[in-house]
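The structure appears below as structure tokens.
Chains as they are written, first to last, in the UniProt record's numbering: chain A, 1 to 272; chain B, 1 to 317.
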């Protein structure tokens, strides 16, 4: 008998054949605690690092064979061939990821989904709440490389302001608030004059809890500001085949993973 | 002792399939297909050439577009996934003009899965597909996530007989009936389907299941229950195939349930299946169907007696 071949798909083989890389194994290079139950995981993946745009996400797979479904996380930062995610421990899968160390391996796939649109000359107002912060750190990083755009971060936290240090590296201005003081709408009201009278028109990019994003969409609608909202939903495959992560829009029931995760406030019918 | 280590092989390289099969006389280039509900061409085409599979089974289509179920549609179980999509699809007319044409343009062998809320729905879709280039039809009488049609037909042998008898008069395409495991004795609906004119059976569809969020005490899935699939259901699917094969020695069977490797596919073939489908595995590894097909193609090299039977449209038992 001949030894059976193994067919673990690799990124290089997929790219050479003209296909998108399937789930593959990568090496963890860093994992650090940012706040109670909040972690920043960094792994080495040239393909994802080279392609991940703001609001795109990575599916991360457990090493435990009883937990099969991927956990989707928005890319927070890229640096060379390294990709950083930020996540909260909300269950057994994320608890496992919190325990990863440099040198461990993990399986990933991405980048997945559509990104925020940043082609317009604008001041992008990055409005995030809680674990909506990571994709907007990536947005700030990406926009910092664009000549036609600037960014203003408006971040709301429960308590520890875990994303400020990171977004501070890239955003032109950073405002943050915690629950003892108010929320992102408090901040937006406070800086409204500055946003509306700046030399670039404001465009809101937002990610966070649903009630927050609805309030942000309403705030934007009232002032005629464009708003792009990155949604979260319990997901299956992450690439558009299982149709498990739908959201109701004015265009019908769409998939958050592959039709989104970014939708305009008009698509969602929010703040009309 | 010299243990031969498995060699890494490139999944994407062009491959001459060595071990074909036949299902109800329809040739498949290998015994591996996708399972309906887990295959959307627009999503999967980026990952591999789907025409390499034995067949692709497309998502269930209904006479008109269906929105499916609202809210949270999925939860995870131990070695499994629970889904409650509710057969969201853009309708048969869109399917005929879009997915089916694209799949036939790349020479894929296509099994069109048919969904309905009532007999008239199924009949309307089958009539339209009869004049299409679809290679086979799969009648979904086993979806646990719709309030009418689906599993309510597949668990009632009288209703199932009535439906399949009617559809048999409408189509000369090879008709597969997909069975639910949510019955006391799966050989009862299996026999009802075959005696009413089914050309083949596929089994199993998902098992009814749910999860509860212990923070709220409420079901995770908005629809409350969903269909369980994934490696956890492998033994259930195998036993179903075994029992149906024993009851109906000549009917072609497509084995489904928990297959994520060539070895597990082989178990189904030894249980008496002519072919298999890979479902949930594609949700956590997009290239799983192709990988399973390649692994099985190599495993069959060492099992010439089984491979010969499959190529002739026969089964191991």
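In this text, a Cβ means the ideal position worked out from N, Cα and C, and glycines have one as well.
Spell out whether any CB of chain B is found under 8 Å from the CB atom of residue i.
i, result
"residue 196/A", "no"
"residue 243/A", "yes"
"residue 65/A", "yes"
"residue 237/A", "yes"
"residue 68/A", "yes"
"residue 240/A", "yes"
"residue 115/A", "no"
"residue 161/A", "no"
"residue 61/A", "yes"
"residue 231/A", "no"
"residue 234/A", "yes"
"residue 264/A", "no"
Is the Cβ of residue i closer than 8 Å to any Cβ of chain A?
i, result
"residue 138/B", "no"
"residue 10/B", "yes"
"residue 298/B", "yes"
"residue 52/B", "no"
"residue 258/B", "no"
"residue 48/B", "yes"
"residue 67/B", "yes"
"residue 230/B", "yes"
"residue 219/B", "no"
"residue 157/B", "no"
"residue 6/B", "yes"
"residue 70/B", "yes"
Would you decide whether residue i is buried or exposed? Buried here means 16 or more other CB atoms lie within 10 Å of its CB.
i, result
"residue 215/B", "exposed"
"residue 116/B", "buried"
"residue 1/A", "Because residue 1/A carries a pLDDT of 46, less than 50, the predicted location of this residue cannot be relied on, and no value is offered for it."
"residue 122/A", "buried"
"residue 101/B", "exposed"
"residue 102/A", "exposed"
"residue 113/B", "buried"
"residue 1/B", "Confidence in residue 1/B is poor, its pLDDT being 48 and thus under 50, which makes the residue's placement unreliable; the coordinate value appears in the next sentence. Under this definition residue 1/B is an exposed residue."
"residue 90/A", "exposed"
"residue 118/A", "buried"
"residue 99/A", "exposed"
"residue 232/A", "buried"
"residue 108/A", "buried"
"residue 196/A", "exposed"
"residue 59/B", "buried"
"residue 40/B", "buried"
"residue 250/B", "exposed"
"residue 92/A", "exposed"
"residue 106/B", "exposed"
DSSP three-state label for residue i, please.
i, result
"residue 178/B", "strand"
"residue 77/A", "strand"
"residue 15/B", "coil"
"residue 173/B", "coil"
"residue 160/A", "coil"
"residue 165/B", "helix"
"residue 263/A", "strand"
"residue 8/B", "strand"
"residue 286/B", "coil"
"residue 57/A", "strand"
"residue 111/A", "strand"
"residue 97/A", "helix"
"residue 115/B", "coil"
"residue 196/A", "helix"
"residue 191/A", "helix"
"residue 248/A", "strand"
"residue 213/B", "strand"
"residue 136/B", "strand"
"residue 46/B", "coil"
"residue 175/A", "strand"
Looking at residue i and the ligand GTP, is the gap between the Cβ and the nearest heavy atom below 7 Å?
i, result
"residue 82/A", "Looking at this structure, you won't find the ligand GTP or any other ligand, since it has none at all."
Please look up how many angstroms separate the CB atoms of residue i and residue j, rounded, as I've assumed it's under 8 Å.
i, j, result
"residue 167/B", "residue 141/B", "The pair is not a contact, with the Cβ atoms about 10 Å apart (cut-off 8 Å)."
"residue 155/A", "residue 38/A", "In fact, because the Cβ distance is near 13 Å, the residues do not count as touching under 8 Å."
"residue 160/B", "residue 193/B", "6 Å"
According to a CB-to-CB cut-off of less than 8 Å, which residues of the stretch 72 to 93 of chain B neighbour chain A? Hits within the stretch, in order: 72, 73, 74, 75, 76, 78, 79, 80, 81, 83, 85, 88.
What are the residues of the stretch 3 to 33 of chain A that lie near chain B, defined by any Cβ-Cβ distance shorter than 9 Å? With the criterion set as a beta carbon lying under 9 Å from some beta carbon of chain B, the members of the stretch 3 to 33 of chain A are 3, 4, 5, 6, 7, 8, 9, 10, 13, 14, 16, 17, 18, 19, 20, 21, 22, 23, in sequence order.
Any C-beta of chain E within less than 8 Å: which residues of the stretch 246 to 259 of chain A qualify? As a matter of chain content, chain E is missing from the structure shown, whose protein chains are A and B.
Output, in sequence order along the chain, the residues in the stretch 125 to 158 of chain A whose CB is closer than 8 Å to any CB in chain B. Within the stretch 125 to 158 of chain A, no residue qualifies.
Selection of the stretch 15 to 46 of chain B by Cβ proximity to chain A, strictly under 8 Å: Flagged, chain order: 37, 38, 39, 40, 42, 43, 44, 46.
In the stretch 282 to 296 of chain B, which residues sit with their C-beta less than 7 Å from some C-beta in chain A, listed in chain order? For the stretch 282 to 296 of chain B, which is checked against every Cβ of chain A, the residues closer than 7 Å are 282, 283, 284, 285, 286, 287, 291, 294, 295.
Chain A contacts from the stretch 111 to 135 of chain B (Cβ-Cβ distance under 9 Å): Answer in chain order: no residues at all.
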